[in-house]
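In this note's numbering, the protein residues as written are 1375 to 1533. Comments concern the structure below.
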């Protein structure tokens, strides 16, 4: 599955009970998706599993929130850092590499998780899982020379 995308713009700022001020994606389409996600209690778009991911900015230290499509692998959430096949990784992926502690909202449930790239052994199976649900990933892979990362979110105890 992959990122939820749109056109560049300015993001909104919200408060997080755990971490403080959160800046929504500056992409207007993503920011609108975040707003709808919250207004509907996290109800996913038809045929899609959506979550909100909050990372800490690797340069600013500010909290950044984006909307992403996810898959499941047991109790883990699976993301694809496709960036629509661009030749650079999405900011959220670079942020979680710098600080793997993230906040995740699925529906109305909010929890803390540790994010990590899939290992070389895990990646082929998880890529197939995600690409079978979201055929656009194959097209994204054809557009770029970079290996598109697959990310696992593992819930941390206590929340």
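Just so it is clear, CB atoms sit at the ideal spot from N, CA and C, and this is done for glycine as well.
What's the gap between the Cα of residue i and the Cα of residue j?
i	j	result
residue 1442	residue 1407	10 Å
residue 1415	residue 1421	17 Å
residue 1455	residue 1440	12 Å
residue 1475	residue 1465	15 Å
residue 1522	residue 1431	20 Å
residue 1499	residue 1461	23 Å
residue 1380	residue 1494	Reliability of the predicted coordinates at residue 1380 is poor, the pLDDT of 30 falling under 50, and no value is obtained from them.
residue 1517	residue 1403	22 Å
residue 1471	residue 1449	21 Å
residue 1434	residue 1487	21 Å
residue 1425	residue 1479	6 Å
residue 1513	residue 1505	10 Å
residue 1398	residue 1427	10 Å
residue 1525	residue 1413	27 Å
residue 1502	residue 1410	29 Å
residue 1396	residue 1515	31 Å
Can you say whether residue i is buried or exposed, counting buried as having 16 or more other CB atoms within 10 angstroms of its CB?
i	result
residue 1532	exposed
residue 1458	exposed
residue 1473	exposed
residue 1437	buried
residue 1530	exposed
residue 1482	exposed
residue 1519	exposed
Taking only three categories from DSSP, how would you classify residue i?
i	result
residue 1521	coil
residue 1492	coil
residue 1462	coil
residue 1427	strand
residue 1475	strand
residue 1499	helix
residue 1510	helix
residue 1515	helix
residue 1418	coil
residue 1432	coil
From the DSSP output, which residues share a beta bridge with residue i?
i	result
residue 1445	1452
residue 1484	1479
residue 1528	1488
Taking only beta-carbon positions, decide if residue i is within less than 8 Å of chain C.
i	result
residue 1500	Reference to chain C is not applicable here, since this structure consists of a single protein chain.
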